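Q: Next up is a structure, given as structure tokens.
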Amino acid sequence: MSIRVRREKRGAKTDGRDAARVRREIASALGIVLALLGIAGMAHAVKNAVDPANLPIGDGKYSTTAAQRGYVYLCHAQAGGGGATVQGPWIHDDGTWDSTAKAEVDGSVSWPTAYVSITKSGGTRTITSNDLPTNHTTGVFPIQPSDDAYQYDPNPGAIAASSRSWELPAKPKKGPPQCMGGEAGIAVNGVDIYNPLDALLRDANAHELQDHCDGHPNAHGYHYHSIPKCLYSGRSRKKPPVTVGFAYDGFPITSPFEDGERLTNADLDVCHGKTSKVKVDGKLKRTYHYVATREYPYVVGCFRGTQIAAGVPR
């Protein structure tokens, strides 16, 4: 009887040691998997990393025949006049430019009469503004001869109120890519958002000079060629992208961070957008949206909505 008990105890000890060994092996394997996932995540981050001091210039990156990633799909391509007259030292000979070293238009001008209204009724979103920024100051325009920016871009344009009113689809539908003109949409602060090209069909962000919120005027008003930090500064990178504007097909334009990481062209489609959860109208919603990036074309590469607002020049 006693012999049988001792054997049973030895068996129980053996089973306990086996179970402990299995737990150690599982923990070890789990550690390896997590390490590999971490390496993969770092590799993805490195692969998608964009150096703001060496951004590829978008000069000539447009098409009038088809949409493609990293390009603008234009309905017409006709170079005009104006724009920066001297190439700045922040533009490199290797086809890149340094956004951290670019000159900036001086000044901090307030616009107390700035106005924007964004309403939604049924299937229509109505945006009305006077094209003056409601949430930030601007530089001094025309650019003054005493401003270091003047030697590169003596922009003679002045900032002035100019009425805007657009009716966009409130429930846009995604379709095949459509070509665009010089204007892409409107920011939530009432400022126009243009395509990324200047009048000479060059990368406007690389060549032309803007103020501290990446805006400047032309004969039609103050506008952006990219989405400035002034529209999303202070928002946590870990929160879902927030709407900073609307394209003229009704789809939102959002801030650049998703799941804690900055999105790049590699994450987006031919129109510079993707489908995911974003904050629009104060609520989280899964929808197609265009994304603000450091890379050309910066905001919108073509329209993906099936309906474009009436009156948009294309």
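Numbered by this note's numbering, the letters in the sequence shown go through residues 1 to 314 in order. Built from N, CA and C at the ideal position, the CB exists for glycine as well. Bear in mind that the values here come from a model prediction, so they are computed numbers and not experimental data.
Taking its Cβ as the centre, do 16 or more other Cβ atoms sit within 10 Å of Gly190, making it buried, or is it exposed?
A: Counting from one through the sequence shown, the residue named residue 190 turns up at place 190. With 16 or more Cβ atoms within 10 Å of its Cβ, Gly190 is classed as buried.
Q: Could you tell me the alpha carbon to alpha carbon distance between Pro313 and Pro240, rounded to whole angstroms?
A: In the sequence shown, residue 313 corresponds to position 313, counting from 1. In the sequence shown, residue 240 corresponds to position 240, counting from 1. For Pro313 and Pro240, the distance between alpha carbons rounds to 32 angstroms.
Q: With DSSP as the reference, label Asn218 as helix, strand or coil.
A: To locate residue 218, count along the sequence shown from 1; it is residue 218. Reduced to three states, the DSSP call for Asn218 is strand.
Q: Report the partner residues of Gly123 according to the DSSP bridge assignment.
A: In the sequence shown, the residue the question calls residue 123 occupies position 123. For Gly123, which the question treats as bridged, DSSP gives no partner whatsoever.
Q: Using three-state DSSP, classify Ala266 as helix, strand or coil.
A: Against the sequence shown, residue 266 aligns to sequence position 266. Ala266 falls in the helix class under three-state DSSP.
Q: Residues in its own chain within less than 6 angstroms of Phe303 by CB, not counting five upstream and five downstream?
A: In the sequence shown, residue 303 corresponds to position 303, counting from 1. Result list for Phe303: Gln178, Met180 and Asp249, in chain order.
Q: Would you mind sorting Arg69 into buried or exposed? The rule is 16 or more other CB atoms within 10 Å of its CB.
A: Taking the sequence shown and counting its residues from 1, one reaches residue 69 at position 69. The residue is exposed, with fewer than 16 neighbouring Cβ atoms inside 10 Å.
Q: How many Å lie between Met42 and Val50 at the Cα?
A: Here the question's residue 42 lines up with position 42 in the sequence shown. Here the question's residue 50 lines up with position 50 in the sequence shown. For Met42, the pLDDT reaches just 43, beneath the cut-off of 50, and the residue's location in the model is therefore unreliable, leaving the point undetermined.
Q: Three-state secondary structure (DSSP) at Tyr296?
A: Along the sequence shown, one-based indexing puts residue 296 at 296. Coil, per DSSP.
Q: Let me know the secondary structure DSSP gives Gln87 once reduced to three states.
A: For the purposes of this step, residue 87 is identified with residue 87 of the sequence shown, where counting begins at 1. Gln87: coil per DSSP, three-state reduction.
Q: Distance, Cα to Cα, Val33 vs Leu231?
A: Counting from 1 along the sequence shown, the entry for residue 33 is found at position 33. Counting from 1 along the sequence shown, the entry for residue 231 is found at position 231. Model confidence at Val33 stands at a pLDDT of 47, short of 50, so the residue's coordinates are unreliable and nothing is read from them.
Q: Excluding the 5 residues preceding and the 5 following Val300 in the sequence, name in chain order all residues of the same chain whose CB lies nearer than 6 angstroms to its CB.
A: Working through the sequence shown from its first residue, we reach residue 300 at position 300. Cβ neighbours of Val300 beyond the five flanking positions: Ala184, Ala247, His272 and Tyr290.
Q: Do the CB positions of Asp131 and Ser108 come within less than 8 angstroms of each other?
A: By one-based count along the sequence shown, residue 131 stands at place 131. By one-based count along the sequence shown, residue 108 stands at place 108. No, the Cβ-Cβ distance between Asp131 and Ser108 is not below 8 angstroms.
Q: In terms of alpha-carbon separation, which member of Leu200, Arg237 and Ser165 lies closest to Arg125?
A: Taking the sequence shown and counting its residues from 1, the one referred to as residue 125 is at position 125. The option with the nearest alpha carbon to Arg125 is Ser165.
Q: Suppose the cutoff is 7 angstroms on Cβ atoms and the five residues either side in sequence are ignored; what does the same chain contact list for Ser276 look like?
A: Here the question's residue 276 lines up with position 276 in the sequence shown. Excluding residues within five positions, the ones whose Cβ falls inside 7 angstroms are Glu258 and Arg286.
Q: So, at 6 angstroms on beta carbons, what are the nonlocal neighbours of Gln210 in its own chain, with the 5 sequence-adjacent residues on each side left out?
A: Mapped onto the sequence shown, residue 210 falls at position 210. Result list for Gln210: His216, in chain order.
Q: Can you find the residues in the same chain that come closer than 7 angstroms, C-beta to C-beta, to Gly221, ignoring five residues on each side of it along the sequence?
A: Position 221 of the sequence shown, counted from the first residue, corresponds to residue 221. The residues are Asp131, Ser162 and Asp192.
Q: With a 10 Å radius around its C-beta and 16 neighbouring C-beta atoms as the bar for buried, classify Pro297 as buried or exposed.
A: What you label residue 297 is simply residue 297 of the sequence shown in a count that begins at 1. Flag for Pro297 reads buried.
Q: Could you tell me which uninterrupted beta strand (DSSP E) segments, each at least 3 residues in length, are contained entirely in the stretch 180-267, listed from first to last along the chain?
A: Listed in chain order, they are 183-187, 192-194, 215-218, 221-224, 243-247 and 252-254.
Q: Would a C-beta distance cut-off of 8 angstroms place Val270 and Thr254 closer than the cut-off?
A: Locating residue 270 in the sequence shown gives position 270, counting from the first residue. Locating residue 254 in the sequence shown gives position 254, counting from the first residue. Cβ atoms of Val270 and Thr254: not closer than 8 angstroms.
Q: Counting Cβ pairs, one atom from each stretch, are 3 or more of them under 8 angstroms apart for the stretch 51-59 and the stretch 88-102?
A: Touching, yes.
Q: When burial is assigned at 16 or more other CB atoms within 10 Å of the CB, is Lys9 buried or exposed?
A: The residue labelled residue 9 in the question sits at position 9 within the sequence shown. A caution first: Lys9 carries a pLDDT of 42, below 50, which makes its placement in the model unreliable, though a value can still be read off. Exposed, since its Cβ has fewer than 16 Cβ neighbours within 10 Å.
Q: Looking only at its own chain, which residues have a Cβ that is under 6 angstroms from the Cβ of Val105, when we skip the five neighbours before and after it?
A: As a working note, residue 105 is residue 105 in the sequence shown. These residues qualify, in order along the chain: Gly139, Ile143, Ala149, Leu209 and Asp211.
Q: On a CA-only basis, which of Pro154, Tyr194, Lys120 and Phe141 is nearest Lys171? Give me that one, please.
A: By 1-based counting over the sequence shown, the position of residue 171 is 171. The option with the nearest alpha carbon to Lys171 is Lys120.
Q: Pull up the distance between the alpha-carbon of Asp268 and that of Ser226, whole angstroms please.
A: By one-based count along the sequence shown, residue 268 stands at place 268. By one-based count along the sequence shown, residue 226 stands at place 226. Correcting the residue identity first, residue 268 is Leu in this sequence and not Asp. Cα to Cα, the separation comes out at about 16 angstroms.
Q: Under three-state DSSP, which class holds Gln68?
A: Numbered from its first residue, the sequence shown carries residue 68 at position 68. Of the three classes helix, strand and coil, the one that applies to Gln68 here is coil, per DSSP.
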